Amino acid sequence: MTTLPPKQLNNTQKKIIDAAIVCVKRWGVTKVNLNDIAKEAGVTRPTVYSYFRNRDEIIQQALLQSAYLFGAKAIKHLQKFETARERTVEAIIYSLKKLPKEPSLALLKNTDMTDIINNKGLSTPEGQQILRSLFQIILIGKAFTDDELDEIAEVTARFMLSLLTIKSGKKRNDKELRGFIERRLLPSLGL
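Taking our numbering, I'd label the letters of the sequence shown as residues 6 to 196.
Structural data, given as structure tokens:
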């Protein structure tokens with residue numbers, strides 16, 4: 006498996022990150038400050054500052070840590086599918102079902118998180134490497150340049166995030182959703 010290991014965090018850092026997730030879910034990202042996070046974590050504000058520069062850095066770390074762990078689970082799930090087409094479709098289905106249940110990744114559905122997700126998560130070098138590593142596995146057996154791989158990862162992530170955050174007027178069961186993804190996304194990816 007060619008995924009990157011998550012950054013190692015100590016117990017205090019984990020408590021702070023978990024507290025930030027609770028606070029964002031409770032009040033939304035724009036209303037959360039370091040005092041709220043420190044109080045929820047049971048630590049002082051100076052303790053928070055000793056590990057993180059600001060609230061956005063805490064949320065960024067929560068997103069990246071969770072992305073590493075989620076990616077590992079997704080890869081394990083996707084190993085039973087034989088083709089890049091199947092793995093791509095199943096990666097989206099898996100993500101749509103499982104992401105909302107992951108504590109910090111459930112924040113992806115929070116619309117006031119868009120800037121943080123983009124600027125502090127997906128578009129960071131670390132976020133890009135997570136996506137690239139995941140798609141190297143999903144697309145095994147296909148020959149793509151790094152630039153093409155990055156584009157495929159970006160388009161797929163954007164498609165999946167839109168399915169997560171923008172509710173469709175049409176209800177689709179798993180079979181219909183697979184067909185929708187196969188018809189609308191896979192051709193744009195060259196699959």
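We treat Cβ as the ideally placed atom computed from N, Cα and C, and that holds for glycine.
Note that the structure is a prediction, hence the values are computed from the model and not measured.
First and last residue of the alpha helix (DSSP H) that includes residue i?
i, result
"ASN107", "Contrary to the premise, residue 107 reads as Glu rather than Asn in this sequence. No alpha helix (DSSP H) holds GLU107; DSSP gives it neither H nor E."
"PHE185", "179-189"
"ALA158", "151-170"
"THR88", "No alpha helix (DSSP H) holds THR88; DSSP gives it neither H nor E."
"THR52", "50-56"
"GLY132", "130-143"
"LEU14", "Unbroken run through LEU14: none, as it is neither H nor E."
"LEU74", "60-83"
"LYS44", "39-46"
Measure how close the beta-carbons of residue i and residue j come, nearest whole angstrom, since I'm counting them as under 8 Å.
i, j, result
"ALA79", "SER100", "7 Å"
"PHE75", "ILE21", "That belief does not hold up - the Cβ atoms of PHE75 and ILE21 are roughly 20 Å apart, past 8 Å."
"ARG177", "PHE185", "6 Å"
"ALA72", "GLY132", "7 Å"
"LEU194", "THR150", "Contact doesn't hold; Cβ gap of about 14 Å is too wide."
"ASP179", "ILE97", "Not confirmed; about 11 Å, so no contact."
"LEU169", "LEU104", "6 Å"
"ARG137", "ASP155", "6 Å"
Pair every Cβ in the segment 26-39 with every Cβ in the segment 52-67, then say whether three or more of these pairs are closer than 8 Å.
Judged by Cβ distances under 8 Å, the segment 26-39 makes contact with the segment 52-67, as three or more pairs qualify.
Measuring CB atoms only, is the segment 136-155 touching the segment 86-102, in the sense that at least three cross pairs come out at less than 8 Å?
Of all C-beta pairs linking the segment 136-155 to the segment 86-102, three or more are shorter than 8 Å, placing the two stretches in contact.
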